[in-house]
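Its first residue numbered 69, the sequence shown is counted upward by one per residue in this note's numbering. Just so it is clear, CB atoms sit at the ideal spot from N, CA and C, and this is done for glycine as well. Structure record follows, encoded as structure tokens.
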Amino acid sequence: MRVVRAVVIAVLSAVIASTAVYFFVIRPRLRTWGVDPGEAELPLPGDHFVPEPSATETRGIDIEASPSAIWPWLVQMGFGRAGWYSYDAMDNMGASATGILPEFQHLAVGEIMPTHPGGGFKVEVVEPDRALVLFIDTELVRAQQKRAEAEGKTELPTAGLKATGALGATAFPEFAASWAFFLRPTDDGKTRLIERFRVKTPGAGPASAVLGEIMGTGIVLMTRKQMLGIKERVEGTHVVQLAGEPVEEAAESVVGVD
69 MRVVRAVVIA VLSAVIASTA VYFFVIRPRL RTWGVDPGEA ELPLPGDHFV PEPSATETRG
129 IDIEASPSAI WPWLVQMGFG RAGWYSYDAM DNMGASATGI LPEFQHLAVG EIMPTHPGGG
189 FKVEVVEPDR ALVLFIDTEL VRAQQKRAEA EGKTELPTAG LKATGALGAT AFPEFAASWA
249 FFLRPTDDGK TRLIERFRVK TPGAGPASAV LGEIMGTGIV LMTRKQMLGI KERVEGTHVV
309 QLAGEPVEEA AESVVGVD
């Protein structure tokens, strides 16, 4: 009995210690990464799609390139396209592209930027070299699920997508979310890539708070990895304009994005 009691105490102590480390050490550093107070208050294209969000995440990163050099990497994103430049094992079957893919350089409002074989975000704003805004809500997800069932595309190919799909189906039956990518040139010739995720979800109370914390941390981790991935690719690849089309020249290998 004493042994069981000792084990229980040890486990509880470890849990408490891990929780304390997360909230007092890891969380503050993670939640402030890439945050600029001025950018957090900056009105961005697409804000009106979720006018009263339950949560907003705004983060940015400096990239040593012009907006026109970054834009091709944004428009080709998506599952089955160039990937998301983040944790590929979570949201893509293969590695994200390390070069510009000409076949995915056209993107128009109303198209779907896929997150899985049966659906994804609807493209709401396309302003070349400036802004890309994606949107998804319950109505769109239900329509995509219905179409996917009719076409036999209900199986999600990765563990990460399966977990996300299960979470979305059970936790938030009603929601709306916008995801904005904004390119702001800086005075020193660089570009500030700003990402903003706005989400509106129902409910309140401890369960929603915990779930919101989990989702918020997950979004920060994924977008941080994504922004670093875009920066690494853009700065490691020389892209020029030839006959109006982006062309990859002498690309360096893209490895080890932390």
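Integer-rounded CB distance, given that residue j should sit under 8 Å from residue i
i      : j      : result
Val302 : Ile131 : 5 Å
Ala165 : Ala150 : 4 Å
Residue i versus residue j - alpha carbon distance
i      : j      : result
Phe147 : Glu263 : 19 Å
Thr238 : Glu207 : At Thr238, the pLDDT of 47 sits below 50, so the modelled position is not reliable and the matter cannot be decided from this model.
Ile180 : Gly186 : 10 Å
Ala133 : Phe250 : 14 Å
Gly178 : Phe117 : 14 Å
Asp156 : Gly162 : 7 Å
Val209 : Val201 : 17 Å
Pro111 : Arg260 : 15 Å
Gln173 : Gly220 : 28 Å
Phe203 : Val194 : 12 Å
Thr291 : Ala218 : 32 Å
Gly304 : Leu289 : 22 Å
Ile94  : Pro170 : Any reading at Ile94 needs caution, since the residue's pLDDT is 42, under 50, leaving its predicted position unreliable; the model's value is listed next. Whole-angstrom Cα-Cα distance: 40 Å.
Gln294 : Met145 : 11 Å
Arg215 : Trp101 : 39 Å
Phe265 : Ala211 : 22 Å
Gly106 : Asp256 : 18 Å
Val307 : Glu300 : Since pLDDT at Val307 reaches only 41, below the 50 mark, its modelled position is unreliable, and no value is offered.
Pro270 : Asp205 : 12 Å
Pro182 : Pro113 : 21 Å
Extent of the continuous alpha helix (DSSP H) to which residue i belongs
i      : result
Val118 : Premise fails: Val118 is in no alpha helix (DSSP H) and is neither H nor E.
Trp139 : Pro135 to Val143
Arg252 : Run containing Arg252: none in the alpha helix (DSSP H); it sits in the beta strand (DSSP E), Ala244 to Pro253.
Pick from the options that is closest to residue i, judged by C-alpha positions
i      : options                           : result
Lys258 : Glu125, Thr126 and Pro135         : Pro135
Glu125 : Ile298, Gly304, Gly297 and Lys268 : Lys268
Leu142 : Gly162, Ala163, Pro121 and Gly167 : Gly167
Thr254 : Ala218, Arg198 and Gly220         : Arg198
Gln213 : Glu192, Asp156 and Gly188         : Gly188
His184 : Glu192, Trp152 and Phe172         : Trp152
Ala176 : Ala165, Leu169, Val191 and Pro170 : Val191
Asp115 : Arg252, Ala248, Gly304 and Leu296 : Ala248
Ile298 : Gly106, Ala108, Pro140 and Trp101 : Pro140
Arg127 : Pro182, Pro170 and Asp104         : Asp104
Pro196 : Phe265, Arg252 and Gly106         : Arg252
Leu330 : Pro270, Ser154 and Glu109         : It is not possible to answer for residue 330, since the shown part of the chain is limited to 69 through 326.
For residue i, the first and last residue of its enclosing beta strand (DSSP E)
i      : result
Thr259 : Thr259 to Lys268
Gly188 : Gly187 to Glu195
Leu175 : Run containing Leu175: none; DSSP gives neither H nor E here.
Leu112 : That residue, Leu112, is in no beta strand (DSSP E); it is neither H nor E in DSSP.
Val201 : Ala199 to Asp205
Ile168 : Ile168 -> no beta strand (DSSP E), and no H or E assigned at all.
Practice task
Count the C-beta pairs between the region 244-253 and the region 115-122 that are closer than 8 Å, then say yes if the count reaches three, no if not.
Solution key: yes
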